[in-house]
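Asker: One structure is given below, represented as structure tokens, and several questions about it will come after.
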Amino acid sequence: ETGVTQTPRHLVMGMTNKKSLKCEQHLGHNAMYWYKQSAKKPLELMFVYSLEERVENNSVPSRFSPECPNSSHLFLHLHTLQPEDSALYLCASSPGTSNEQFFGPGTRLTVL
Amino acid sequence: KNQVEQSPQSLIILEGKNCTLQCNYTVSPFSNLRWYKQDTGRGPVSLTIMTFSENTKSNGRYTATLDADTKQSSLHITASQLSDSASYICVARGGGGYNKLIFGAGTRLAVHP
């Protein structure tokens with residue numbers, strides 16, 4: 565285990581649902597990230613938080629809304645998603661934004 | 007344009023055999039290159055990291071090479087085991103900062119008995 569946990573591990577939701585993904589890191593890191601991983605494509609960086617401040621929003625649609633209440637927790641709020649949003653959503657953390665990132669196990673999201 | 011290309015896209019080998027995965031990168035400036043292993047249903051886990059001045063680095067049965075002149079890296083797996091079945095992702099860092107990480111699409115390796 566890398567010290568980064570994600571819940572739920574699997575999520576199926578309809579396009580009109582609202583759900584949230586949770587990430588928690590037990591490593592004392594100051595930076596946290598959300599990535600989207602689609603089949604046969606490179607990881608796509610979505611959001612970056614450094615010391616609880618959002619420092620990157622990589623042109624992500626507003627139906628994805630991140631929240632970082634403290635340096636150990638990161639959420640991704642989902643609403644009115646599209647089927648093409650189905651993917652593995654990975655959370656990562658690092659001591660600083662220039663250091664090695666440690667990944668959680670991911671949430672496998674399916675949008676019907 | 008900064009990018010990382012990996013080959014092959016997928017590979018099947020028999021248990022006990024060796025294999026080599028390739029990574030070509032066009033990242034400038036170049037800081038380091040890392041190989042990750044991602045098991046099915048899990049997040050990526052770092053195997054090795056190599057800087058500009060390093061040519062070879064080993065981690066057990068995994069050996070990574072880096073040629074900074076040709077901008078190529080390889081990951082060699084010796085005496086493969088069933089547990090090596092996973093995706094292997096090459097990531098190049100082009101300087102400091104989170105936004106300088108360039109990910110490859112990965113090579114999917116299947117080791118069969």
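Listed in order, the protein sequences are those of chains X and W. When we follow our numbering, the leftmost residue of the first sequence carries the number 565, and every step to the right adds one. When we follow our numbering, the leftmost residue of the second sequence carries the number 7, and every step to the right adds one. The C-beta atom is built at its ideal place from N, Cα and C for all residues, glycine as well. Just so it is clear, the structure is predicted and the values come from calculations on it, not from any experiment.
1) In chain X, which residues lie less than 7 angstroms from Phe36 (chain W) when you measure between Cβ atoms?
2) Our contact map puts Leu640 (chain X) next to Pro630 (chain X) with C-beta atoms below 8 angstroms; I'd like the distance itself, whole angstroms only.
3) Taking only beta carbons into account, state which residues of the segment 643–669 of chain X come closer than 7 angstroms to chain W, listed in chain order.
4) Which one or two residues does DSSP pair with Arg99 (chain W) in a beta bridge?
5) Rounded to whole angstroms, what's the CA-CA distance from Val576 (chain X) to Asp73 (chain W)? Just pull it up for me.
6) Just confirm the distance between the C-beta atoms of Tyr653 (chain X) and Leu638 (chain X), as a whole number of angstroms; I'd bet it's less than 8 angstroms.
7) Do we get a CB-CB distance below 7 angstroms when we pair Pro572 (chain X) with the residues of chain W?
8) Can Lys605 (chain X) and Leu642 (chain X) be called in contact, C-beta distance under 7 angstroms?
9) As an exercise, report each continuous beta strand (DSSP E) stretch of at least 3 residues that is fully enclosed by the segment 62–90 of chain W, in chain order.
10) Measure the C-alpha to C-alpha separation of Pro572 (chain X) and Thr76 (chain W) and round it to an integer number of angstroms.
11) Classify Thr113 (chain W) as buried or exposed, calling it buried when 16 or more other Cβ atoms lie within 10 Å of its own Cβ.
12) So, using beta-carbon positions, are Cys96 (chain W) and Cys29 (chain W) closer together than 7 angstroms?
13) What do you reckon, are the CB atoms on Asn61 (chain W) and Leu53 (chain W) nearer than 7 angstroms?
14) So what does Asn634 (chain X) bridge to, in DSSP terms?
15) With a cut-off of 8 angstroms, do at least 3 Cβ pairs link the segment 9–23 of chain W to the segment 589–596 of chain X?
16) According to DSSP, is Glu617 (chain X) part of a helix, a strand, or is it coil?
17) Is it the case that the segment 37–55 of chain W contacts the segment 654–669 of chain X, given that we only count it when at least three CB pairs across the two stretches are under 8 angstroms?
18) Can you tell which of X:Ser636, X:Pro625, X:Asn621 and X:Ser626 has its C-alpha closest to the C-alpha of Leu591 (chain X)?
19) Excluding the 5 residues flanking Ile108 (chain W) on each side, which residues of the same chain have their C-beta closer than 8 angstroms to its C-beta?
20) Output, in chain order, the set of chain W residues within a Cβ distance shorter than 9 angstroms of Leu638 (chain X).
21) Looking only at its own chain, which residues have a Cβ that is under 6 angstroms from the Cβ of Asp649 (chain X), when we skip the five neighbours before and after it?
22) Taking a contact to mean a Cβ-Cβ separation below 7 angstroms, would you say Ala656 (chain X) touches Gln601 (chain X) in this structure?
23) Which two residues bound the contiguous beta strand (DSSP E) that contains Val624 (chain X)?
Answerer: Inspection of the coordinates gives the following:
1) Those within 7 angstroms of Phe36 (chain W) in chain X number zero; the least Cβ separation is about 14 angstroms.
2) 6 angstroms
3) Leu654, Thr661, Ser662, Glu664, Phe667, Gly668 and Pro669
4) W:Asn38 and W:Leu107
5) 44 angstroms
6) Their Cβ separation, rounded to whole angstroms, is 11 angstroms, which puts Tyr653 (chain X) and Leu638 (chain X) out of contact at 8 angstroms.
7) no
8) no
9) 62–65, 68–73 and 78–83
10) 43 angstroms
11) buried
12) yes
13) no
14) X:His637
15) no
16) strand
17) yes
18) X:Ser636
19) Asn8, Gln9, Val10, Tyr31, Val33, Val97, Ala98, Arg99 and Gly100
20) Within chain W, no residue comes near Leu638 (chain X); the closest Cβ sits about 14 angstroms away, beyond 9 angstroms.
21) Val675
22) no
23) Per DSSP, Val624 (chain X) belongs to no beta strand (DSSP E) and is neither H nor E.
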